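Chemist:
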């Protein structure tokens with residue numbers, strides 16, 4: 334199975350649907366199998382047919398329970414390729430509690446996954462984490478796609494408060510991601526994370542003035558460079574107060590309009606691969622040994638030296654015209670079985686920590702590509718081959734059109750009809 338995924342902070346779904354003349358034309362224009370939108374700015378009561386239903390597509394939404402015109406994500410899956418076996422609004426399970434069950438009741442604790450109690454998270458806080466409509470999880474069988482709109486920090490006055498929420502959100506999300514990886518699953522986390530990982534991802538930033546130790550950046554860096562998980566006592570400890578850094582310098586896509594960002598590759602799954610259920614034992618052994626697969630920044634893996642590649646601009650100041658922006662939208666991939674020994678006859682790839690480090694520090698292209706999970710690299714090659722075939726086909730069509738024009742000029746055909754016939758045939 335081949336799968337192409339696109340993520341885009343649309344800064345208002347209705348606005349962008351109107352601009353494209355309908356939801357169907359919008360989705361088809363992206364040439365994707367899975368489309369992840371962030372910042373839909375929809376509540377459940379605002380959702381209408383023209384924003385949710387398109388021929389050949391299934392849609393899954395997460396809505397804010399707070400203020401109107403804020404947050405929200407949506408995942409659209411092409412019906413003949415990527416119908417999920419399971420889809421979930423939010424990532425904690427708190428939104429799915431039975432009606433009438435209080436979040437902090439014993440019944441809620443019994444219904445929620447024990448990971449949350451082990452982390453010291455009660456139902457009320459889980460509802461707060463999921464209540465802003467920031468995550469949709471879709472299990473496609475071959476891969477689990479986690480569509481994320483990360484919290485932004487847009488106000489100096491509330492910087493400390495929002496950074497605290499942002500870190501609680503991401504630390505809790507990591508628990509869910511690690512559980513998926515422990516089950517041997519392939520995981521793609523994509524969307525507007527509102528985190529620029531490196532100086533190269535913020536226009537005008539230098540290593541001297543770029544605060545790489547800011548809490549959210551440090552968290553993302555650790556996620557992409559880890560080779561083993563911290564002891565359970567550390568990873569599950571929530572009692573220690575969060576230290577708070579400055580306001581985000583690259584985020585704030587509540588006021589910014591992002592451009593559609595694709596992974597730069599598709600994802601493939603061979604038909605004869607072991608099913609996800611069988612991989613569960615594999616990933617489980619790795620997790621039991623204290624290992625945690627790193628997430629790879631797929632853009633940097635394939636474009637380690639790329640500069641001025643931004644996804645977010647302050648539209649109120651016209652910054653997009655001069656490309657004065659930041660790269661805060663990402664497609665990150667991790668493989669729950671990646672830390673197992675390589676099969677006989679196949680060379681082992683780089684270690685988890687080294688692989689992610691190469692992808693994020695300007696390694697040469699071959700080494701960086703090797704850092705990606707194998708199912709991303711293989712698809713990259715296939716995509717290149719498709720583009721080669723398309724280029725050859727286009728050259729053949731162009732040559733045929735020139736031949737028709739030449740024949741028409743020589744009186745062998747109608748000059749007005751020749752090129753049109755060739756065009757329609759192409």
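In our numbering, the protein residues as written are 334 to 759. Ideal Cβ positions, reconstructed from N, Cα and C, are used throughout, including at glycine. Bear in mind the structure is a predicted one, so any value in this text is a computation, not a measurement.
Under the rule that 16 or more other beta-carbon atoms within 10 Å means buried, what is residue 351, buried or exposed?
Modeler: Residue 351 should be labelled exposed.
Chemist: Contact check, residue 646 vs residue 639 under 8 Å by CB: the rounded distance?
Modeler: That pair is no contact at about 17 Å.
Chemist: Take residue 436 and list the residues in its own chain whose beta-carbon comes closer than 8 Å to its own, dropping the five residues that flank it on each side.
Modeler: Cβ within range, chain order: 427, 430, 455, 456, 457, 459, 460.
Chemist: Could you give the first and the last residue of the continuous beta strand (DSSP E) run that contains residue 368?
Modeler: 367 to 371 is the span of the beta strand (DSSP E), which, as asked, contains residue 368.
Chemist: Within 10 angstroms of the Cβ of residue 400, are there 16 or more other Cβ atoms? Answer buried if so, exposed if not.
Modeler: Exposed, by the Cβ-count rule.
Chemist: Please list, in chain order, all residues of the same chain as residue 513 whose beta carbon is under 6 Å from its beta carbon, the five residues on each side excluded.
Modeler: Here the set comprises 477, 520.
Chemist: When the Cα atoms are used, what is the spatial distance from residue 551 to residue 545?
Modeler: About 6 Å.
Chemist: With residue 665 as the anchor, note down where its beta strand (DSSP E) starts and where it stops.
Modeler: From DSSP, the beta strand (DSSP E) with residue 665 extends over 662 to 668.
Chemist: What are the partner residues of residue 420, as DSSP defines its beta bridges?
Modeler: Partner(s): 471.
Chemist: Distance check for residue 525 and residue 543, CA to CA, integer angstroms please.
Modeler: Their backbone Cα atoms lie some 20 Å apart in a straight line.
Chemist: On the CB-based measure, 16 or more other CB atoms within 10 Å of its CB, does residue 548 come out buried or exposed?
Modeler: The residue in question, residue 548, is buried, as its Cβ has 16 or more Cβ neighbours within 10 Å.
Chemist: When DSSP labels each residue in this structure, what does residue 450 get in the three-state scheme?
Modeler: Note: residue 450 maps to helix in three-state DSSP.
Chemist: Flag this pair as yes or no: are the beta carbons of residue 536 and residue 664 separated by less than 7 Å?
Modeler: No, the Cβ-Cβ distance between residue 536 and residue 664 is not below 7 Å.
Chemist: To which residues does DSSP link residue 393 through a beta bridge?
Modeler: Partner(s): 408.
Chemist: I need the straight-line Cα distance from residue 740 to residue 364, nearest angstrom please.
Modeler: Answer to the nearest angstrom: the Cα atoms are 36 Å apart.
Chemist: Less than 7 Å between the beta carbons of residue 466 and residue 408, yes or no?
Modeler: Going by C-beta atoms, residue 466 is not nearer than 7 Å to residue 408.
Chemist: Tell me the rounded alpha-carbon separation between residue 651 and residue 402.
Modeler: One C-alpha to the other measures close to 22 Å.
Chemist: Tell me whether residue 445 sits in a helix, a strand or coil according to DSSP, three-state version.
Modeler: If DSSP states are grouped into helix, strand and coil, residue 445 belongs with coil.
Chemist: Please name the residue in 367, 348, 450 whose C-alpha comes closest to that of residue 469.
Modeler: Among 367, 348, 450, the Cα nearest to that of residue 469 belongs to 367.
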